[in-house]
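FYI, the working numbering numbers position 168 of the sequence shown as 456, with every residue one higher than the one before it. This report concerns only the one structure given below.
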Amino acid sequence: MNDKASSLSRAAFAPLTGVRVLDFSHVIAGPFATFLLAQMGAEVTKVESTDGDVMRRTPRGRQGFVSLNAGKRCVTVDLATEEGRRQALALASVSDVVLDNLRPGVLERFGLGFEAVSAAHPSVVYCAISGYGRGNGDWRHRPAYDHVVQAASGMAWLGGNEGDPPMKTGFPVIDSATGMLAAMAILAALRERDRTGRGMLVDVSMVGAGLQLMYPMACDALTSGATPPRVGNQGYSGSPSADFFPAMNGWLALGANTPRQLLSVLRMLGLGHLANDPAVFAQPLDADVSATFVRALDPAALKRALSEAIAAQDAADLEARLNASHVPAARLRTLAEFADEARDNGCLPAVELQGDGISVRSPGLGFGVYRAA
(Lines of atoms letter the chains of each structure in order from A and count residues from 1; the text may use other names and numbers.)
(Lines give C-alpha, C1' and ligand atoms only; values in the text may rest on other atoms or scores of the structure.)
Protein backbone atom coordinates (compact mmCIF):
# COMPACT_ATOMS: atom_id res chain seq x y z
CA MET A 1 0.00 0.00 0.00
CA ASN A 2 1.35 3.45 -0.85
CA ASP A 3 1.98 6.15 1.74
CA LYS A 4 -1.23 8.00 0.92
CA ALA A 5 -3.28 4.93 1.81
CA SER A 6 -1.23 3.96 4.88
CA SER A 7 -3.82 5.37 7.28
CA LEU A 8 -6.43 2.97 5.94
CA SER A 9 -7.14 -0.57 7.02
CA ARG A 10 -8.71 -3.32 4.92
CA ALA A 11 -12.36 -3.75 5.87
CA ALA A 12 -14.65 -6.75 5.93
CA PHE A 13 -17.04 -6.42 3.02
CA ALA A 14 -20.29 -8.36 2.86
CA PRO A 15 -22.96 -5.91 1.64
CA LEU A 16 -25.17 -8.69 0.28
CA THR A 17 -25.52 -10.52 3.59
CA GLY A 18 -29.09 -11.80 3.77
CA VAL A 19 -29.63 -11.79 -0.02
CA ARG A 20 -30.59 -15.23 -1.32
CA VAL A 21 -29.63 -16.17 -4.86
CA LEU A 22 -30.79 -19.23 -6.80
CA ASP A 23 -28.34 -20.05 -9.57
CA PHE A 24 -29.47 -22.07 -12.63
CA SER A 25 -26.24 -21.56 -14.53
CA HIS A 26 -23.21 -23.45 -15.72
CA VAL A 27 -19.80 -23.02 -17.38
CA ILE A 28 -18.46 -19.43 -16.90
CA ALA A 29 -20.71 -16.38 -17.41
CA GLY A 30 -23.54 -17.20 -15.00
CA PRO A 31 -21.39 -18.92 -12.37
CA PHE A 32 -18.95 -15.99 -12.41
CA ALA A 33 -21.81 -13.54 -11.79
CA THR A 34 -23.08 -15.48 -8.79
CA PHE A 35 -19.51 -16.09 -7.57
CA LEU A 36 -19.08 -12.32 -7.35
CA LEU A 37 -22.37 -12.03 -5.45
CA ALA A 38 -21.28 -14.80 -3.08
CA GLN A 39 -17.97 -13.02 -2.47
CA MET A 40 -20.02 -9.99 -1.43
CA GLY A 41 -21.92 -12.02 1.14
CA ALA A 42 -24.94 -13.37 -0.76
CA GLU A 43 -26.25 -16.83 0.07
CA VAL A 44 -26.05 -18.61 -3.28
CA THR A 45 -27.67 -21.96 -3.99
CA LYS A 46 -26.42 -23.51 -7.21
CA VAL A 47 -28.77 -25.95 -8.92
CA GLU A 48 -26.99 -28.67 -10.89
CA SER A 49 -28.48 -31.31 -13.14
CA THR A 50 -27.89 -34.98 -12.45
CA ASP A 51 -24.88 -34.74 -14.80
CA GLY A 52 -23.39 -31.82 -12.85
CA ASP A 53 -21.86 -28.61 -14.15
CA VAL A 54 -19.70 -29.25 -17.22
CA MET A 55 -16.85 -27.38 -15.52
CA ARG A 56 -16.44 -30.38 -13.24
CA ARG A 57 -15.46 -32.41 -16.31
CA THR A 58 -12.97 -30.00 -17.89
CA PRO A 59 -9.23 -30.83 -17.96
CA ARG A 60 -8.63 -28.76 -14.82
CA GLY A 61 -11.61 -30.46 -13.18
CA ARG A 62 -12.30 -29.47 -9.61
CA GLN A 63 -9.95 -26.48 -9.66
CA GLY A 64 -11.83 -24.84 -12.53
CA PHE A 65 -15.17 -25.57 -10.88
CA VAL A 66 -14.11 -24.25 -7.46
CA SER A 67 -12.69 -21.04 -8.96
CA LEU A 68 -16.20 -20.15 -10.19
CA ASN A 69 -18.38 -21.75 -7.54
CA ALA A 70 -16.64 -21.44 -4.19
CA GLY A 71 -18.89 -20.16 -1.44
CA LYS A 72 -22.08 -21.60 -2.96
CA ARG A 73 -24.30 -24.39 -1.73
CA CYS A 74 -24.67 -26.92 -4.54
CA VAL A 75 -27.80 -29.04 -4.88
CA THR A 76 -28.73 -31.60 -7.52
CA VAL A 77 -32.23 -31.27 -8.95
CA ASP A 78 -33.73 -33.34 -11.75
CA LEU A 79 -35.96 -30.86 -13.57
CA ALA A 80 -37.26 -33.66 -15.79
CA THR A 81 -39.30 -34.91 -12.83
CA GLU A 82 -42.36 -33.29 -11.28
CA GLU A 83 -40.76 -33.50 -7.84
CA GLY A 84 -37.61 -31.76 -9.13
CA ARG A 85 -39.64 -28.95 -10.65
CA ARG A 86 -41.58 -28.49 -7.41
CA GLN A 87 -38.33 -28.38 -5.46
CA ALA A 88 -36.83 -25.80 -7.82
CA LEU A 89 -39.91 -23.57 -7.74
CA ALA A 90 -39.96 -23.76 -3.95
CA LEU A 91 -36.35 -22.59 -3.86
CA ALA A 92 -37.10 -19.79 -6.33
CA SER A 93 -40.08 -18.64 -4.26
CA VAL A 94 -37.86 -17.80 -1.29
CA SER A 95 -34.97 -16.28 -3.27
CA ASP A 96 -34.29 -12.61 -3.86
CA VAL A 97 -32.52 -13.37 -7.14
CA VAL A 98 -32.90 -16.12 -9.72
CA LEU A 99 -30.25 -16.40 -12.42
CA ASP A 100 -30.60 -18.40 -15.63
CA ASN A 101 -27.96 -18.92 -18.32
CA LEU A 102 -29.20 -22.22 -19.69
CA ARG A 103 -30.22 -22.40 -23.35
CA PRO A 104 -32.98 -19.85 -24.00
CA GLY A 105 -36.36 -21.40 -23.26
CA VAL A 106 -35.14 -24.35 -21.17
CA LEU A 107 -36.35 -23.06 -17.79
CA GLU A 108 -39.59 -21.82 -19.37
CA ARG A 109 -40.34 -25.36 -20.53
CA PHE A 110 -39.89 -26.56 -16.96
CA GLY A 111 -42.23 -23.89 -15.58
CA LEU A 112 -39.34 -21.88 -14.11
CA GLY A 113 -39.20 -18.86 -16.42
CA PHE A 114 -39.66 -15.31 -15.23
CA GLU A 115 -43.45 -15.30 -15.64
CA ALA A 116 -43.92 -18.49 -13.61
CA VAL A 117 -41.49 -17.52 -10.87
CA SER A 118 -42.76 -13.95 -10.55
CA ALA A 119 -46.34 -15.21 -10.31
CA ALA A 120 -45.33 -17.04 -7.14
CA HIS A 121 -42.85 -14.39 -5.99
CA PRO A 122 -43.65 -10.89 -7.39
CA SER A 123 -40.59 -9.19 -5.87
CA VAL A 124 -38.05 -11.55 -7.42
CA VAL A 125 -35.13 -10.19 -9.47
CA TYR A 126 -34.78 -12.63 -12.36
CA CYS A 127 -31.58 -12.35 -14.41
CA ALA A 128 -31.58 -14.14 -17.76
CA ILE A 129 -28.24 -14.45 -19.55
CA SER A 130 -28.18 -15.40 -23.23
CA GLY A 131 -26.05 -14.94 -26.31
CA TYR A 132 -28.07 -12.25 -28.05
CA GLY A 133 -30.71 -11.08 -25.57
CA ARG A 134 -34.48 -11.39 -25.55
CA GLY A 135 -35.24 -8.39 -27.73
CA ASN A 136 -34.32 -9.96 -31.06
CA GLY A 137 -36.91 -12.32 -32.51
CA ASP A 138 -34.56 -13.84 -35.08
CA TRP A 139 -31.48 -14.24 -32.91
CA ARG A 140 -32.83 -14.67 -29.38
CA HIS A 141 -32.78 -18.48 -29.52
CA ARG A 142 -29.37 -18.81 -31.15
CA PRO A 143 -26.82 -20.74 -29.10
CA ALA A 144 -23.58 -18.91 -28.37
CA TYR A 145 -20.06 -19.44 -27.14
CA ASP A 146 -17.44 -16.85 -26.29
CA HIS A 147 -15.47 -17.05 -29.54
CA VAL A 148 -18.69 -17.16 -31.60
CA VAL A 149 -19.84 -13.89 -30.04
CA GLN A 150 -16.40 -12.36 -30.58
CA ALA A 151 -16.90 -13.18 -34.25
CA ALA A 152 -20.52 -11.99 -34.46
CA SER A 153 -19.90 -8.71 -32.63
CA GLY A 154 -16.92 -7.59 -34.72
CA MET A 155 -14.43 -8.02 -31.89
CA ALA A 156 -12.40 -10.59 -33.83
CA TRP A 157 -11.72 -8.02 -36.57
CA LEU A 158 -10.29 -5.46 -34.13
CA GLY A 159 -7.19 -7.41 -33.03
CA GLY A 160 -4.05 -7.81 -35.13
CA ASN A 161 -2.98 -5.68 -38.06
CA GLU A 162 -4.71 -4.88 -41.34
CA GLY A 163 -4.43 -7.89 -43.63
CA ASP A 164 -4.19 -10.41 -40.78
CA PRO A 165 -6.84 -13.12 -40.45
CA PRO A 166 -9.50 -12.56 -37.75
CA MET A 167 -8.10 -12.92 -34.25
CA LYS A 168 -10.00 -13.85 -31.12
CA THR A 169 -8.86 -12.65 -27.72
CA GLY A 170 -6.72 -15.30 -26.04
CA PHE A 171 -9.02 -15.79 -23.05
CA PRO A 172 -12.82 -15.99 -22.55
CA VAL A 173 -13.23 -12.23 -22.40
CA ILE A 174 -16.92 -12.27 -23.38
CA ASP A 175 -17.85 -14.89 -20.78
CA SER A 176 -16.08 -13.04 -17.99
CA ALA A 177 -17.42 -9.63 -19.02
CA THR A 178 -20.95 -11.06 -19.21
CA GLY A 179 -20.60 -12.36 -15.66
CA MET A 180 -19.45 -8.96 -14.40
CA LEU A 181 -22.21 -7.15 -16.30
CA ALA A 182 -24.81 -9.55 -14.90
CA ALA A 183 -23.56 -9.01 -11.35
CA MET A 184 -23.74 -5.23 -11.80
CA ALA A 185 -27.23 -5.47 -13.31
CA ILE A 186 -28.42 -7.64 -10.42
CA LEU A 187 -27.07 -5.18 -7.85
CA ALA A 188 -28.88 -2.32 -9.59
CA ALA A 189 -32.09 -4.36 -9.82
CA LEU A 190 -31.93 -5.21 -6.11
CA ARG A 191 -31.58 -1.52 -5.30
CA GLU A 192 -34.58 -0.74 -7.53
CA ARG A 193 -36.57 -3.57 -5.94
CA ASP A 194 -35.79 -2.20 -2.49
CA ARG A 195 -36.90 1.25 -3.65
CA THR A 196 -40.15 0.21 -5.35
CA GLY A 197 -40.99 -3.20 -3.89
CA ARG A 198 -41.35 -4.63 -7.40
CA GLY A 199 -39.38 -7.42 -9.01
CA MET A 200 -38.19 -7.43 -12.61
CA LEU A 201 -36.54 -9.37 -15.40
CA VAL A 202 -32.95 -8.34 -16.14
CA ASP A 203 -31.93 -9.28 -19.69
CA VAL A 204 -28.14 -9.66 -20.01
CA SER A 205 -26.58 -10.71 -23.30
CA MET A 206 -23.10 -11.74 -24.34
CA VAL A 207 -23.21 -9.34 -27.29
CA GLY A 208 -24.23 -6.55 -24.92
CA ALA A 209 -21.20 -7.30 -22.75
CA GLY A 210 -19.00 -7.35 -25.85
CA LEU A 211 -20.21 -3.91 -26.92
CA GLN A 212 -19.50 -2.57 -23.44
CA LEU A 213 -15.92 -3.82 -23.77
CA MET A 214 -15.64 -2.08 -27.16
CA TYR A 215 -17.61 0.93 -25.91
CA PRO A 216 -15.91 3.88 -27.71
CA MET A 217 -15.72 1.90 -30.97
CA ALA A 218 -19.29 0.65 -30.51
CA CYS A 219 -20.56 4.23 -30.14
CA ASP A 220 -18.74 5.23 -33.31
CA ALA A 221 -20.15 2.26 -35.23
CA LEU A 222 -23.70 2.93 -34.01
CA THR A 223 -23.42 6.65 -34.76
CA SER A 224 -21.58 6.77 -38.06
CA GLY A 225 -21.23 3.18 -39.21
CA ALA A 226 -17.46 3.37 -38.88
CA THR A 227 -15.19 0.42 -38.21
CA PRO A 228 -11.83 1.39 -36.68
CA PRO A 229 -8.64 0.34 -38.47
CA ARG A 230 -6.73 -2.60 -37.03
CA VAL A 231 -3.64 -1.27 -35.30
CA GLY A 232 -2.00 -4.37 -33.81
CA ASN A 233 -0.09 -3.53 -30.62
CA GLN A 234 -0.28 0.22 -31.20
CA GLY A 235 -1.74 2.05 -28.21
CA TYR A 236 -5.28 3.36 -28.59
CA SER A 237 -4.02 6.93 -28.38
CA GLY A 238 -2.50 6.51 -31.84
CA SER A 239 0.83 7.91 -30.66
CA PRO A 240 3.70 6.22 -32.53
CA SER A 241 5.59 5.91 -29.25
CA ALA A 242 2.78 3.89 -27.67
CA ASP A 243 3.49 0.35 -28.85
CA PHE A 244 5.29 -2.91 -28.08
CA PHE A 245 9.04 -2.90 -28.76
CA PRO A 246 11.50 -5.83 -28.68
CA ALA A 247 14.24 -5.37 -26.07
CA MET A 248 17.50 -7.22 -25.55
CA ASN A 249 15.87 -9.97 -23.49
CA GLY A 250 12.14 -9.69 -24.00
CA TRP A 251 9.54 -7.12 -25.02
CA LEU A 252 8.61 -3.74 -23.60
CA ALA A 253 5.24 -2.01 -23.81
CA LEU A 254 5.83 1.72 -24.01
CA GLY A 255 3.10 4.27 -23.38
CA ALA A 256 4.76 7.59 -24.20
CA ASN A 257 1.60 9.38 -25.24
CA THR A 258 2.38 12.98 -24.31
CA PRO A 259 5.26 15.28 -25.30
CA ARG A 260 6.57 15.26 -21.71
CA GLN A 261 6.60 11.47 -21.61
CA LEU A 262 8.22 11.10 -25.02
CA LEU A 263 10.90 13.66 -24.16
CA SER A 264 11.81 11.57 -21.11
CA VAL A 265 12.06 8.46 -23.26
CA LEU A 266 14.14 10.09 -25.97
CA ARG A 267 16.60 11.58 -23.48
CA MET A 268 16.90 8.28 -21.60
CA LEU A 269 17.68 6.43 -24.84
CA GLY A 270 20.14 9.00 -26.14
CA LEU A 271 17.73 10.20 -28.81
CA GLY A 272 17.07 13.68 -27.44
CA HIS A 273 18.04 15.28 -30.76
CA LEU A 274 14.89 13.86 -32.38
CA ALA A 275 12.72 16.17 -30.26
CA ASN A 276 13.86 19.11 -32.42
CA ASP A 277 14.12 17.30 -35.75
CA PRO A 278 11.76 19.03 -38.25
CA ALA A 279 11.67 15.85 -40.32
CA VAL A 280 10.06 14.00 -37.40
CA PHE A 281 7.93 16.63 -35.63
CA ALA A 282 6.19 19.69 -37.06
CA GLN A 283 6.93 21.54 -33.81
CA PRO A 284 9.72 20.70 -31.35
CA LEU A 285 8.51 18.62 -28.42
CA ASP A 286 7.74 20.85 -25.44
CA ALA A 287 7.24 19.31 -22.01
CA ASP A 288 5.35 22.38 -20.80
CA VAL A 289 2.52 22.40 -23.35
CA SER A 290 -0.91 21.15 -22.30
CA ALA A 291 -1.03 17.38 -22.37
CA THR A 292 -1.98 16.06 -25.78
CA PHE A 293 -1.31 12.88 -27.72
CA VAL A 294 1.95 12.90 -29.63
CA ARG A 295 1.79 12.97 -33.42
CA ALA A 296 4.78 12.75 -35.75
CA LEU A 297 5.37 13.83 -39.34
CA ASP A 298 7.23 10.56 -39.88
CA PRO A 299 5.91 8.03 -37.33
CA ALA A 300 7.72 5.16 -39.04
CA ALA A 301 11.09 6.89 -38.61
CA LEU A 302 10.35 7.60 -34.95
CA LYS A 303 9.40 3.97 -34.38
CA ARG A 304 12.53 2.73 -36.10
CA ALA A 305 14.72 4.92 -33.90
CA LEU A 306 12.93 3.79 -30.75
CA SER A 307 13.09 0.14 -31.82
CA GLU A 308 16.83 0.25 -32.47
CA ALA A 309 17.55 1.92 -29.13
CA ILE A 310 15.24 -0.30 -27.07
CA ALA A 311 16.64 -3.45 -28.72
CA ALA A 312 19.94 -2.77 -26.93
CA GLN A 313 18.29 -2.32 -23.51
CA ASP A 314 17.53 -4.74 -20.70
CA ALA A 315 13.73 -4.91 -20.56
CA ALA A 316 13.40 -5.07 -16.77
CA ASP A 317 15.94 -2.31 -16.18
CA LEU A 318 14.35 0.00 -18.75
CA GLU A 319 10.88 -0.69 -17.32
CA ALA A 320 12.06 0.41 -13.87
CA ARG A 321 13.82 3.55 -15.13
CA LEU A 322 10.90 4.64 -17.30
CA ASN A 323 8.35 4.20 -14.52
CA ALA A 324 10.59 6.15 -12.14
CA SER A 325 10.46 8.95 -14.73
CA HIS A 326 6.65 8.80 -14.81
CA VAL A 327 6.50 7.12 -18.22
CA PRO A 328 4.03 4.21 -18.39
CA ALA A 329 5.98 1.11 -19.42
CA ALA A 330 5.86 -2.58 -18.70
CA ARG A 331 7.96 -5.59 -19.55
CA LEU A 332 5.75 -8.17 -21.25
CA ARG A 333 5.09 -10.99 -18.81
CA THR A 334 3.23 -14.24 -19.01
CA LEU A 335 0.15 -14.49 -16.84
CA ALA A 336 2.00 -16.83 -14.49
CA GLU A 337 4.92 -14.39 -14.19
CA PHE A 338 2.56 -11.55 -13.33
CA ALA A 339 0.70 -13.72 -10.80
CA ASP A 340 3.98 -14.48 -9.02
CA GLU A 341 4.97 -10.82 -8.89
CA ALA A 342 1.50 -9.68 -7.86
CA ARG A 343 1.49 -12.15 -4.99
CA ASP A 344 4.87 -10.87 -3.82
CA ASN A 345 4.27 -7.12 -4.17
CA GLY A 346 0.67 -7.09 -2.97
CA CYS A 347 -0.81 -5.22 -5.94
CA LEU A 348 -3.42 -7.98 -6.30
CA PRO A 349 -4.41 -9.41 -2.91
CA ALA A 350 -5.32 -13.05 -3.50
CA VAL A 351 -8.34 -14.74 -1.95
CA GLU A 352 -8.19 -18.38 -0.84
CA LEU A 353 -11.21 -20.31 -2.11
CA GLN A 354 -12.18 -23.62 -0.56
CA GLY A 355 -14.35 -26.31 -2.08
CA ASP A 356 -14.48 -29.99 -3.01
CA GLY A 357 -11.58 -30.64 -0.66
CA ILE A 358 -9.14 -28.32 -2.50
CA SER A 359 -7.89 -24.76 -2.20
CA VAL A 360 -7.74 -22.29 -5.12
CA ARG A 361 -6.16 -18.84 -5.13
CA SER A 362 -8.35 -16.22 -6.80
CA PRO A 363 -8.14 -12.48 -7.51
CA GLY A 364 -11.55 -12.30 -5.84
CA LEU A 365 -13.67 -9.23 -6.52
CA GLY A 366 -10.87 -7.32 -8.21
CA PHE A 367 -11.11 -4.37 -5.82
CA GLY A 368 -10.30 -3.67 -2.20
CA VAL A 369 -12.39 -2.01 0.49
CA TYR A 370 -10.80 0.10 3.22
CA ARG A 371 -11.95 2.13 6.18
CA ALA A 372 -10.25 4.97 8.01
CA ALA A 373 -8.06 3.62 10.79
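For glycine and all other residues, C-beta sits at the position ideal for the given N, C-alpha and C.
Note down, in chain order, each residue of its chain lying with its Cβ closer than 8 Å to the Cβ of K360, except the 5 sequence neighbours on either side. D311, T322, F323, A326, V332, T333, K334
Bridge-paired residues (DSSP) for N449: V519
Where K591 falls: helix, strand or coil (DSSP): helix
Compare the beta carbon distance of G523 and G543 with 9 Å and say whether it is the shorter of the two. yes
Across which residues does DSSP place I646 in a beta bridge pair? G643
Hey, D384 and R479: beta-carbon distance below 9 Å or not? no
Is the beta carbon of G645 sitting closer than 9 Å to the one on R348? no
Nearest by alpha-carbon distance to R662: which of S529, P534, V492 is it? No answer is possible for residue 662: it lies beyond the span of the chain, which begins at 289 and ends at 661.
Would V363 pass as a contact of L379 if the rule is Cβ separation under 9 Å? yes
CA-to-CA distance, P431 to L400, given in whole angstroms: 20 Å
Mind checking who E371 pairs with in its DSSP beta bridge? None, per the DSSP bridge assignment.
Out of A604, L390, G485, point me to the one whose CA is closest to G318's CA. L390
How is the beta strand (DSSP E) around Y420 delimited, first residue to last? Looking at the DSSP string, Y420 is not in any beta strand (DSSP E), and its letter there is neither H nor E.
What residues in its chain sit with their C-beta under 6 Å from that of L610, if we drop five residues either side in the sequence? A617
Do three or more CB pairs link the stretch 554–574 to the stretch 624–638 at distances below 8 Å? no
State buried or exposed for F419, treating a residue as buried only when at least 16 other CB atoms are found within 10 Å of its CB. Reading the sequence as shown, one finds Gly at residue 419 and not Phe. Classification for G419: buried.
Candidates V657, P528, N357, Y433: which alpha carbon is nearest A584's? P528
Report, in whole angstroms, the separation of the C-beta atoms of Q662 and A465, which I expect to be a contact under 8 Å. This structure does not reach residue 662, given that the chain is present from 289 up to 661, and the question cannot be answered.
Is V354 helix, strand or coil when you go by DSSP? helix
C-alpha gap between M556 and D586, whole angstroms: 21 Å
If we require 3 or more residues per run, which beta strand (DSSP E) segments fall completely within the stretch 527–595? 530–535, 538–543
Need the endpoints of the alpha helix (DSSP H) that V437 sits in, please. 434–441
Taking buried to mean at least 16 other C-beta atoms within 10 Å of its own C-beta, is P392 buried or exposed? buried
Check R361 in the structure and name its three-state DSSP category. strand
At what residues does the alpha helix (DSSP H) containing D508 begin and finish? 503–512
Can you look up L468 in the DSSP assignment and give me helix, strand or coil? Just to set this straight, residue 468 is Met in the shown sequence, not Leu. Helix, per DSSP.
Supposed contact pair P547 and A575 - C-beta distance, whole angstroms, cut 8 Å: 6 Å
Span separating the alpha-carbon of C635 from that of G442: 33 Å
Leaving out the 5 sequence neighbours to the left and right, which residues in its chain are closer than 7 Å to F398 when beta-carbon positions are compared? L367, R373
Straight-line Cα distance separating A476 from V413: 10 Å
So what's T333 in DSSP terms, helix, strand or just coil? strand
Is T305 near G340, with beta carbons less than 9 Å apart? no
Count the other C-beta atoms from every protein chain shown that fall within 10 angstroms of the C-beta of V382, then say buried if there are 16 or more, exposed otherwise. exposed
Contained alpha helix (DSSP H) runs [length at least 4] in the stretch 373–416, N- to C-terminal order: 394–397, 402–408
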